[in-house]
C-alpha cells in the first residue's frame with residue numbers, strides 16, 4: 004500500500020484532514036483537535052488500514068501553539084503515518100486516546116508534564132519524571148528558562 | 005595423654021574449690037568454649053562460603069586479608085561490631101532487640117549435642133535427636149519476631165514466609181529423621197554412631213536410607229533458609245527480608261546463626277547417614293581425637309553440597325515451595341518410613 | 431464457614447514501595463505495589479530518578495553532538511542508538527555510505543545485541559535467585575567489551591558511529607577476536623541452557639507467568655523481544671532493513687506463548703541468530719572507506735524525520751523536527767523500554783511478588799532508557 | 025505416572041546444572057584457569073589499555089616541549105559540554121611582523137567531559153589526542169580541572185597561527 008492509497012482511504016473515513024508528505028517515507032496528517040479521538044478510533048478499527056500500533060506520542064512546542072505528534076503504525080501492513088494535532092498555548096487541551104491505545108497512557112502523562120498539554124479525561128496526570136512537588140512550569144517548552152540550564 | 009586433658013582440668017579445679025563450684029566453673033568453661041566454637045565456626049563457614057562461591061563464579065573470592073583471605077571474615081566481624089545499631093522508629097523495640105538472641109541461643113543449644121568426636125560432646129542426652137529437632141524449631145520464632153518487630157513491610161513478608169516454610173519443612177526433616185530412627189532404634193546420638201560401626205546407615209538402610217538422605221538434604225536446605233529456599237531473605241524480591249532493619253552486631257547474629265544452622269543440619273546428616281566421627285572401615289579408631297578429623301571432613305563435604313546447591317539453583321516461589329513439600333516430599337517420606345519399617349522388620353538391612 | 435471467615439478475618443490491601451533502591455528494579459525504578467498478602471493487585475510506577483532531559487539537551491546541540499548523548503540512553507545498546515542518529519541524518523542529507531561501513535555497523539550491532547542479551551541472561555538468573563549466572567554472563571560480555579574497546583576506544587559508551595561512517599577503521603585484531611568470540615560463545619551458549627533454561631525450578635518460575643496476548647501486546651505498544659514473545663512480528667531489521675541487514679540471512683525469532691518463558695526463549699534464540707549473522711559477515715568485510723566526508727556544519731532541511739532501529743530491547747525510534755537550523759527543533763527518543771514497561775501492570779495482575787521480579791527481568795528494562 | 029517422571033526429570037535437570045557449576049568449581053579450585061576477574065590494584069603495573077582507549081584529552085607535546093595548538097578555539101565550539109576553555113593572545117611574529125595568535129592556557133574540565141571526541145575531530149592541527157590514563161580519582165573536584173599545555177611550551181614551528 005502506498006502513501007497515496009492510504010491517503011485516499013483515510014479521506015474516505017474522515018474529511019477535513021490536511022495531508023502532506025505522500026512522496027516521503029511516511030504520510031503526514033494534520034487534524035483538528037476535536038477530531039482526534041474520532042480519527043484514531045477509525046484508523047484503528049478500519050479493517051484495511053488497521054493502524055493499531057501507537058509507535059510514539061511526542062509533545063511539541065510549535066512556538067505559537069503546542070501540539071502532539073502521534074506516530075501510528077499498522078502491524079499488518081507495516082505502514083507508518085504521522086498525525087499532528089495543535090492546540091493553543093493557554094489552557095492547552097487535547098482529548099486523551101489512552102482508552103483506544105493503552106500505550107498512550109504514560110506518554111500522555113509525559114507530554115503533560117513537559118509541555119503542559121492537558122489530556123481531557125485522562126485519569127491521572129501525575130508527575131512521572133519530575134519530582135512530585137514540581138511547580139516550576141513545563142521544562143520542555145521553548146520559553147522555559149532555568150538558571151541551571153547550560154546556555155551556549 | 006591427650007585423653008586425660010578433661011580429667012586433668014577437673015582435678016586441677018577440684019584442688020582450688022569445692023565440688024559444686026567446680027561443677028559450675030566447668031559449665032561456664034564449656035559454655036565459653038562453645039561460644040568460641042560458635043564464633044569461629046560461623047566465621048570459618050562464611051569464609052568458606054565466599055571462597056567456594058568465588059570458585060563457582062569464576063572469581064577468586066576473598067584472598068587479601070591473611071593467608072587465603074582467612075581473616076577477611078574476622079575483619080568483617082570487627083567492622084560489624086563497630087557499626088551503629090539502627091532500627092526503625094516505630095519498631096517494637098523490645099521484641100526487635102530480643103529477636104536475634106532467639107536465633108543464636110537455639111543454634112548454640114543445638115551445637116551442644118553435636119558429637120565432634122567420641123570425646124567431644126557436651127550434652128549426650130538419650131532423646132538427642134528429638135531434642136535437636138525441637139530446639140531448632142524455636143529458632144524460627146526469632147526470625148518471625150524480627151519480621152514482625154521491625155515494622156517494615158519487607159521484613160514482615162519475609163517473616164511470614166518463614167512461618168509457612170518452617171511449618172512445612174519441619175515435617176520433612178522430622179520424618180526423614182524418624183525414618184533413620186526406625187533403623188537405629190534409638191534417639192541417643194552417641195548410640196546412633198556406635199551402631200554404625202559395621203557400616204554407615206546410608207549403606208545399612210540402602211534405598212530407603214538414600215531416599216531419606218535426599219529428603220533430608222532438601223528439607224535441611226529449607227530449614228537453614230538457603231537457596232533454593234531462601235525466600236525469607238530473597239534479596240531480589242525483599243531486599244534483605246527479615247533482617248532488613250538490622251545492622252551491626254544484631255545483623256551479624258543472624259548471619260552467623262544462619263551458617264551455624266547449616267553446620268548443625270550438616271552434622272545431623274553426618275550423624276544419621278555417614279557415621280558421625282567414625283572413620284571409614286575403622287582405620288583410625290584407635291587414635292584419640294581422630295574422630296574430630298573425620299567428622300569435620302564429612303561435615304564439610306555435606307556443607308559443600310549445600311553450597312553447590314546455593315550457587316547453582318534459582319529460588320522457588322512461595323507456592324511452589326509448598327507444592328514441593330506437601331505434594332512431593334511428604335507423601336514420599338511417609339511411604340519411605342513404611343518401607344524402612346518393613347525392611348527393619350524383615351531384617352533386610354545390611 | 432466461608433462467610434464466617436470473611437466476616438471475622440479482615441484482610442487489608444497494602445502498599446509496598448519497591449525501589450528506587452531495590453535490587454530487582456535494575457537501577458532506580460520505583461514501583462508502587464498494591465498487594466493483597468503476596469498477590470499483586472496493582473502496579474503503579476514512578477520514574478524520573480535519573481531523568482536528564484536528554485531530549486531538551488539535544489535541542490541545544492548540533493547533530494554531531496547529539497550522537498554521544500544517545501549512548502547514555504540505553505547504555506547496553508549504545509551502538510544501535512548512535513546508528514539511529516547517523517542513519518537519520520544520512521538519510522535526510524542523502525549521504526551514501528560505503529558497504530564497509532554498513533557491514534561494520536551491522537557487526538557491531540550484533541555484537542552489542544549479544545552483549546546486551548548476555549547481560550540480561552545473567553541478571554535474569556540473579557533475579558530468579560541463581561546468582562552464578564551473572565558471572566557467567568559477564569565472562570562473555572567481557573570478551574565483547576574487549577573487542578569494542580580495542581576498536582572503538584570505550585567499552586560501554588562506544589560512540590563509534592559518526593555521521594557519514596565510523597570514527598575509526600577496524601582494528602587489525604578485530605576479525606581475529608570476533609572469530610575467537612564466535613568459537614567461544616558457541617561452546618558456552620548450550621551451557622546456558624543446561625544451567626538455567628532446562629532447570630526445573632527456573633522453568634516452573636517463569637512458565638505461564640506474566641502472560642500478555644498478542645492483541646494486548648500491540649495495544650500497549652510492546653516491541654522487541656518482549657513483543658516477539660507474544661507472537662508479534664516486529665523486528666525492524668526485517669521490516670525496514672537498514673545497514674547490511676538486507677544482505678544477511680537470519681530469522682526473526684517469534685514465540686507465541688506470550689509468557690515470560692517465551693520472552694526468555696526469544697532472547698536466547700536471538701543470540702544464536704546474532705551469532706549466525708556475525709559468522710556470515712566476519713569473513714566478508716568489504717574493503718572501502720570507513721568514513722565519508724561530510725560538511726562541517728550539518729543542517730537538516732526543514733521537516734520531520736523518523737528513524738527506527740532494532741536495539742537490543744526493541745524498536746528504538748528517533749524523531750527529529752527540524753526547522754533548517756543546525757540545531758534540531760525537537761528531538762524525541764522513542765524508547766523501547768518505556769513502551770514495554772507500560773504493560774507491566776497488565777502482565778502482573780494477580781501474580782506474586784516473586785513473579786513481578788521475574789516478569790520485570792524478562793521485559794529487560796534499562797532505566798536510563800526509560801527516564802531519558 | 026507423570027508424577028514420578030516429573031520427579032526424575034526434574035532431578036536430572038538439577039544435576040545437569042550442578043555438573044556445569046561443579047566443573048567450573050573444580051577447575052578453578054585446582055588450576056584457576058577459568059577465573060575471569062582481574063586482581064586490580066596488583067596488576068596496575070602490567071595493565072595496559074588499548075591504544076584507542078579514551079581516557080582523557082591531552083595536548084600533544086613533542087620532545088622539545090612544543091605543541092601544535094594555535095588557540096583557534098574550534099575545539100571549544102565543538103564541545104557539547106563546555107569542558108574546554110582556550111585562552112589565546114596575539115603578539116607580533118618575529119619573522120613576518122604580523123600579529124600571530126598563540127596559546128596561553130588550554131583548560132580542560134575532566135569532570136564535565138563525556139569523552140565524545142568531537143574536539144579531537146574538530147582540531148585542524150591534530151593538536152589534541154587521546155590519553156590512555158584511566159585513573160582519574162581525586163578527592164577534590166577542582167583537581168579535575170587540568171591545564172593541558174605544559175609550562176614553558178610553545179607552538180611547534182610550521183603551524184600557522
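Residue numbers (my numbering), protein chains in the order written: chain A, 4 to 155; chain B, 5 to 354; chain C, 431 to 802; chain D, 25 to 185.
For every residue, glycine included, the Cβ atom is placed at its ideal position computed from N, Cα and C.
Alpha-carbon to alpha-carbon, residue j and residue i
i: residue 85 of chain D; j: residue 92 of chain D; result: 8 Å
i: residue 112 of chain B; j: residue 770 of chain C; result: 51 Å
i: residue 101 of chain B; j: residue 569 of chain C; result: 43 Å
i: residue 76 of chain A; j: residue 85 of chain A; result: 9 Å
i: residue 573 of chain C; j: residue 139 of chain D; result: 22 Å
i: residue 1 of chain B; j: residue 34 of chain D; result: The requested residue 1 of chain B does not occur in the structure, where chain B is confined to residues 5 to 354.
i: residue 287 of chain B; j: residue 278 of chain B; result: 15 Å
i: residue 60 of chain D; j: residue 52 of chain D; result: 10 Å
i: residue 303 of chain B; j: residue 40 of chain B; result: 19 Å
i: residue 155 of chain A; j: residue 490 of chain C; result: Per-residue confidence for residue 155 of chain A stands at a pLDDT of 48, beneath the threshold of 50, marking its modelled position as unreliable; the derived number appears in the next sentence. Whole-angstrom Cα-Cα distance: 8 Å.
i: residue 708 of chain C; j: residue 614 of chain C; result: 13 Å
i: residue 43 of chain A; j: residue 100 of chain A; result: 8 Å
i: residue 700 of chain C; j: residue 766 of chain C; result: 17 Å
i: residue 205 of chain B; j: residue 66 of chain B; result: 37 Å
i: residue 618 of chain C; j: residue 609 of chain C; result: 14 Å
i: residue 96 of chain A; j: residue 141 of chain A; result: 14 Å
i: residue 216 of chain B; j: residue 224 of chain B; result: 11 Å
i: residue 73 of chain D; j: residue 533 of chain C; result: 27 Å
Cβ distance (whole Å) where residue i is taken to contact residue j below 8 Å
i: residue 153 of chain B; j: residue 96 of chain B; result: 4 Å
i: residue 505 of chain C; j: residue 586 of chain C; result: 6 Å
i: residue 741 of chain C; j: residue 575 of chain C; result: Residue 741 of chain C to residue 575 of chain C, Cβ: 18 Å. No contact.
i: residue 38 of chain A; j: residue 17 of chain A; result: 7 Å
i: residue 792 of chain C; j: residue 636 of chain C; result: 7 Å
i: residue 146 of chain B; j: residue 107 of chain B; result: 4 Å
i: residue 789 of chain C; j: residue 690 of chain C; result: 6 Å
i: residue 180 of chain B; j: residue 135 of chain B; result: That pair is no contact at about 17 Å.
i: residue 46 of chain D; j: residue 312 of chain B; result: 6 Å
Residues near residue i in its chain [Cβ-Cβ closer than 6 Å; skip 5 each side]
i: residue 764 of chain C; result: 747
i: residue 548 of chain C; result: 567, 570, 571
i: residue 659 of chain C; result: 685, 692, 693, 696
i: residue 102 of chain D; result: 142, 143, 146
i: residue 125 of chain B; result: 119
i: residue 149 of chain B; result: 99, 103
Close beta carbons around residue i, own chain, < 8 Å, minus the five adjacent residues each side
i: residue 10 of chain A; result: 22, 25, 30
i: residue 755 of chain C; result: 729
i: residue 527 of chain C; result: 520, 594, 595, 722
Residue i, DSSP secondary structure in three states
i: residue 19 of chain B; result: helix
i: residue 154 of chain A; result: Below a pLDDT of 50, predicted positions are generally treated as unreliable, and residue 154 of chain A, at 48, falls in that range; no measurement from the model is reported.
i: residue 748 of chain C; result: strand
i: residue 741 of chain C; result: strand
i: residue 348 of chain B; result: helix
i: residue 653 of chain C; result: coil
i: residue 673 of chain C; result: coil
i: residue 598 of chain C; result: coil
i: residue 6 of chain B; result: Confidence is the limiting factor: at residue 6 of chain B the pLDDT is only 47, short of 50, which leaves the residue's position unreliable, though a coordinate-based value still follows. In this structure, residue 6 of chain B counts as helix in the three-state DSSP scheme.
i: residue 111 of chain D; result: strand
i: residue 91 of chain D; result: strand
Cβ-based neighbour list, residue i, same chain, cut-off 7 Å, excluding 5 preceding and 5 following
i: residue 199 of chain B; result: 188
i: residue 50 of chain D; result: none
i: residue 226 of chain B; result: 169, 173, 233
- request: With a floor of 4 residues, list each alpha helix (DSSP H) that falls wholly inside the segment 96-147 of chain A, ordered by position along the chain.
  value: DSSP runs (the alpha helix (DSSP H)) wholly in the segment 96-147 of chain A: 107-118.
field: Start-end ranges of the beta strand (DSSP E) lying completely within the segment 132-174 of chain D, minimum 3 residues
entry: The segment 132-174 of chain D contains, as complete beta strand (DSSP E) runs of 3+ residues, the segments 152-155, 169-171 (chain order).
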